[in-house]
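The structure under discussion appears below in the form of structure tokens.
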Ligand code: HEC
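In my numbering, the protein residues as written are 2 to 166.
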């Protein structure tokens, strides 16, 4: 091999390595972007859940969403929704929140009066909650929140829901 072919080989190798590095960087950037978009939308839905004041009666232990402190202080029952997506699909949840369907003979006590797109978002979010945390663990967590006087310190009023029977 003469000097020139060696040089050519080296240049070729550098070019290949560069293109591989570039491709890896591109794949990582796309992955990171997707991750940020997904976690961003999850975060936004969680905030909507809190803003709509579902936290007045519900928690989502799997997502670290605590219920309102005022409800805990009143000793009222909190229904954790960590596994609700395993029992109900999105369309059912939308009807449920519009009080159009019954569950064990009862209607949902909170009627959704907010915009349709937000209802869609919140139903999508809840229908994806499929955690399998045991009931006993949820109970222990809620008990601890009561005992340590934790929970979200927010007013219970909401512009998205109306509590009625
Ligand atoms: C005033 C209290 C109250 C508020 C506010 C409230 N809920 Fe509920 N929710 C309940 C009660 C009580 C039940 C259980 C009813 C039953 O099973 O008969 C329930 C049940 C549910 C269920 C079914 C749970 C399951 O696994 O079967 C879903 C889903 C749900 N609520 C979503 C929401 C969402 C989303 C919001 C906010 C927009 C909300 N709730 C606000 C009281 C409330």
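In this text, a Cβ means the ideal position worked out from N, Cα and C, and glycines have one as well.
- Look at residue 94: its beta carbon is less than 7 angstroms from one of the heavy atoms in the ligand HEC.
- Not one heavy atom of the ligand HEC is found less than 7 angstroms from the C-beta of residue 83.
- In the three-state scheme derived from DSSP, where H, G and I count as helix and E and B as strand, residue 7 is classed as helix.
- For residue 161, same chain residues with a beta-carbon under 6 angstroms away, outside a window of 5 residues either side, are 53 and 115 in chain order.
- Going by C-alpha positions, residue 101 is about 15 angstroms away from residue 117.
- Residue 162: member of the beta strand (DSSP E) spanning 162 to 164, first to last residue.
- Per DSSP, the continuous alpha helix (DSSP H) segment holding residue 141 begins and ends at 136 to 148.
- Only exposed fits residue 15, as fewer than 16 other CB atoms lie within 10 angstroms of its CB.
- Assignment of beta-bridge partners to residue 104 by DSSP yields 107.
- Relative to the ligand HEC, the beta carbon of residue 57 is positioned inside 7 angstroms of a heavy atom.
- Looking at the DSSP output, residue 112 shares a beta bridge with 163.
- Rounded to whole angstroms, the separation of the alpha carbons of residue 31 and residue 71 is 43 angstroms.
- In the DSSP annotation of this structure, the continuous segment of the alpha helix (DSSP H) that includes residue 91 starts and ends at 91 to 98.
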